[in-house]
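Let me begin by presenting the structure, written as structure tokens, before commenting on it.
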Amino acid sequence: MSFNKIMATGLLLSTLGVSAQAQSLVYCSEGSPEGFDPALYTAGTTFDASSHPIYNRLAEFKVGTTETVPALAESWEVSEDGKTVTFKLRKGVKFHSNAQFTPTRDFNADDVIFSFDRQGNAENPYNQVSGGTWEYFGGMSMPDLIESIEKVDDYTVAFNLTRPEAPIIANMAMDFASIVSKEYADAMLEAGTPEMLNQAPIGTGPFAFQAYQKDAVIRYLRNDDYWGDKAKVESLIFAITPDASVRFQKVQAGECHVMAYPNPADVQSMKDDSDIVVMEQEGLNVGYLAYNTQVAPFDNPKVRKALNMAIDKQAIIDVVFQGSGQIAKNPIPPTMWSYNDAIEDDNYDPEAAKAALEAEGVSDLSMKIWAMPVQRPYNPNARRMAELMQEDFSKVGVNVEIVSYEWGEYLERSKAKDRDGAVLLGWTGDNGDPDNFLAVLLGCDGVEKSNRAQWCNEEFDAIIQKAKVLPTQAERAKLYEEAQVIFKDQAPWATIAHSVVYMTMRPEVEGYVVHPLGGHIFNQVGLSQ
Amino acid sequence: MLNYALSRLLTFIPTFIGVTLISFSFIRALPGDPIQVMAGERGISDERYAELAKQFGYDRPIYVQFWEYLTGVLQGDLGNSFVTKRPVWDEFFALFPATLELSICAMIFAVALGLPAGVIAAVNRGKFFDRALMSTALVGYSMPIFWWALLLIIVFSGNLQWTPVSGRIDLLYYFPDPTGFMIIDSLASGQKGAFVSALRHLILPTIVLGTIPLAVIARQTRSAMLEVLGEDYIRTARAKGMSPGRINGIHALRNALIPVITVIGLSVGTLLAGAILTETIFSWPGIGKWMVDSIFRRDYPVVQGGLLLIAVMVMIVNLTVDMLYGVINPKIRKR
């Protein structure tokens, strides 16, 4: 941060009469954000520091749920054919100001159009700014889906789609869909510093950005003009602390109020400490072993089901997750709507597994298991997990060879249709919509892409395609429940685990809610005196 | 002296080119590429991949990329980070003062304790103090930094609450940082208690980072002193009835300093390497952590630019050490 910028912010602060020592909530975060324009990035750490405190979206996820609620749009309407979604915008919403910029108008349709146009339109002057790669916009197929965005009037915007798509509302609540100020963007472009949009963000959110020092600290001040419920603390501070043990020490010493991602090994001692509060919830993710369903004998669902029965998932939860995981029986996590709890898991039974393999005429089977080289919440140690599976499979007479590649290679090679072996991988949900799991990971379109099982089941695919375009959540949920039954019966994967997310905080922290989509949100968090 | 300095400076050029080439090729020799890593589980279409590769400029032949990098470097342009999209140069100089501040403190700590400890051990050779000191130095040298840091944090910050756990200053202080050196900026801010807070935050990281150089310096001083103390001129001085303090402090130490200064110079490299772990544990916003993150993300411009800048720093330190030889021992200058 330049000297001038800090001096200017300091000046602004003193004119506002705000003291830096006012009630501050300190959050020990795990790393530095990549920047402050959420549309440019994909990491949760970046979203925690940008989209949640600083920005709003047309729709938002109600904190603690995957349900979408109105935000900058007061309401929306989907046309009869499902191809036009019209958003009615909220009036009187103010953007933040900083040393370089003071807004002259309220939020309106121009900001909405600009926020999306810059991501999809190569002609937009901001398309190439800050090396814009717009990963999520592309990743959620927005360029194919959005035909045009129309300004009906200052407070009405219509999205014309190329096909009906129910998850569009959930997509509008995602971080990449955060609404930025067109007026600010224009001013910065004119000043020759368009990168300020990313470095000194202006949004409509409950906190205004104050200052950032890389790898050290991010500061925010409460937005007193906020359109919704105002934040409970006057300032929010992110103390960037990469080491989990050190974060815990800082919470104990009172240097932080809240910390993310404790070491699983520390969780028990945290729970035993009366001065520490630990909250937990299943993460919106799933870790799985995907068979290659196009290669014999794994093209036979009965063989896959037999192998699933050979895996001792509880041992994996105990050893690999050290308790911070939960056995997965469905391809979607239990916090997601339409989760089918009636489904019976293929329980661990090596004897039955052996018999089932023999019944299918499979003997002396040798296979490969691919172990990821990186840690992920849904799989903290893939190598160890693969070793446990190797041991389990050997008990039913299946010989396993464990292979691994560098991460980029791994992702690329595991897509191949003739891939040799079953792949350990997982997924973390983006928008809380079941379509984001079932269609992306198991749909026929995903074969040779994100569908690592190379599994294309016509019945399953027809159901999820139909569910995608139905208007109500209740109707869609019914279809997704059916889809999960087919999935379980056909067993393209062995579903292994959902991680359990822990949040550690001091007892004076009030109102924190663990968010299933994984973000750390402090809008409504207060401190008792 | 000027000729000597110039001749040392000339050796800079081939080293600089070598370092540029190595830093450029090393990160590219690692498997995996930044676009795949960036896309992660979500994957990326071939068209999009090609688009990004073009944008990042590595769809072109490797020698073209190197040439562009080299001409950029000579014009002072190290490129922009793939991840943060900011100039490497800006990022480095925003973070480097923190590393430098910590390294200087660690070096002062190591020299201030290591030099006298080595001298005392040499003078008391074979006695209890010597043995105790040298065994402690061996332990210090072999200590895993990660473990040592956590131990100190748990004891001094957790149990005794004497020092803060991590960071550079209490977060309630907020002031401009024109120099990037927290000690100076906190003093300049005039905010009550800020300077003390900055000092308190320096204690544990300084000890952790300084431990290995301290052990090395103590051992090197001891053996250099022992060698010198056996020389004829020392015996002569003793025979003349010179006081032991004068013999050890002036005649012996000055001559023993050459190998010690070499070790101090070499320790700068160790400090920068140690800084990676120390900075991670103490949430110290320096270049160590920045480099490690960039390697994992295959952020080519940051890795190659950062390595180059660090190498230049080490080269400057080595040059300074070479100059110091000349000051301490005029014979070297004339060679």
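Residue numbers (our numbering), protein chains in the order written: chain L, 712 to 1240; chain Z, 137 to 471.
Note that CB positions come from ideal geometry on N, CA and C, so glycine has one too.
What you are looking at is a predicted structure, and each value in this text was computed from that prediction instead of being measured.
Among the residues facing chain Z, residue 933(L) is not included, as its CB has no counterpart in that chain under 9 angstroms away. Nearest CB-CB separation between residue 746(L) and chain Z: below the 9 angstroms threshold.
Ranked by Cα distance from residue 767(L), the first of 1216(L), 800(L), 1226(L) and 1208(L) is 800(L). Among the residues facing chain Z, residue 953(L) is included, as its CB has a counterpart in that chain under 9 angstroms away. By DSSP's assignment, residue 406(Z) forms no beta bridge with any residue. Minimum Cα-Cα distance from residue 873(L) among the listed residues 1180(L), 1192(L) and 750(L) corresponds to 1180(L). Within the segment 332 to 344 of chain Z, no residue places its CB atom closer than 7 angstroms to a CB of chain L. Spatial neighbours of residue 1079(L) in its own chain (CB-CB distance under 8 angstroms, excluding positions within 5 residues in sequence) are listed in chain order as 1111, 1112, 1113, 1114, 1131, 1132 and 1133. Scanning chain Z for C-beta atoms nearer than 8 angstroms to the C-beta of residue 909(L) yields 221, reported in chain order. The three-state secondary structure of residue 144(Z), taken from DSSP, is helix.
Counting C-beta atoms within 10 angstroms of its own C-beta, residue 414(Z) has 16 or more neighbours from the protein chains shown and is therefore classed as buried. Ranked by how close their Cα comes to the Cα of residue 1056(L), the residues 1201(L), 1073(L), 1035(L) and 1166(L) have 1201(L) in first place. Going by DSSP, residue 343(Z) is part of the alpha helix (DSSP H) stretching over 330 to 365.
Taking 9 angstroms as the cut-off, the beta carbon of residue 962(L) is found closer than this to the beta carbon of residue 987(L). In the three-state scheme derived from DSSP, where H, G and I count as helix and E and B as strand, residue 1048(L) is classed as coil. Taking residue 892(L) as the centre and dropping the five residues before and after it, the same chain places the C-beta of 806, 814, 822 and 913 closer than 7 angstroms to its C-beta, in chain order. Annotation: Cβ neighbours of residue 960(L) in chain Z (cutoff 9 angstroms, chain order): 286, 289, 290, 293, 294, 301 and 302.
Partner residues in a beta bridge of residue 1159(L), as assigned by DSSP, do not exist. Listed by position along chain Z, the residues whose Cβ is nearer than 9 angstroms to that of residue 1119(L) are 167, 168, 169, 170, 171, 172, 173, 175 and 434. About 6 angstroms separates the Cβ atoms of residue 1013(L) and residue 1067(L), confirming a contact at the 8 angstroms cut-off. Against chain Z, the CB of residue 1136(L) has a partner CB under 9 angstroms away; the residue lies at that interface.
For residue 398(Z) and residue 457(Z), the gap between their C-alpha atoms comes out near 7 angstroms.
For residue 201(Z), the enclosing alpha helix (DSSP H) stretches over residues 198 to 210. Cβ-Cβ distances below 7 angstroms link residue 299(Z) to 292, 293, 336, 339 and 340 in the same chain, with the five nearest sequence neighbours on each side left out; the list follows chain order. Note that the C-beta distance between residue 848(L) and residue 1230(L) is not below 9 angstroms.
Secondary structure note for residue 953(L): it is in no alpha helix (DSSP H), with a DSSP letter that is neither H nor E. For the segment 1122 to 1152 of chain L, the set of positions with a beta-carbon nearer than 9 angstroms to some beta-carbon of chain Z reads 1122, 1123, 1126, 1136, 1137, 1138, 1139, 1141 and 1151 in chain order. In summary, the residues of the segment 966 to 994 of chain L whose CB is separated from some CB of chain Z by less than 8 angstroms are 966, in the order they occur in the chain.
Here residue 350(Z) is near residue 246(Z), since their CB atoms are less than 9 angstroms apart.
Listed as beta-bridge partners of residue 800(L) by DSSP are 784(L). If you draw a 10 Å sphere on the C-beta of residue 342(Z), you find 16 or more other C-beta atoms in it, and that means buried. Beta bridge pairing from DSSP links residue 993(L) with 1211(L). Looking at the DSSP output, residue 1019(L) sits in no beta bridge, so it has no partner there.
Looking at the DSSP output, residue 998(L) bridges to 1137(L) and 1208(L). Residue 222(Z) is positioned such that its CB atom lies closer than 9 angstroms to that of residue 906(L). A straight line joining the alpha-carbon of residue 220(Z) with that of residue 168(Z) spans about 19 angstroms.
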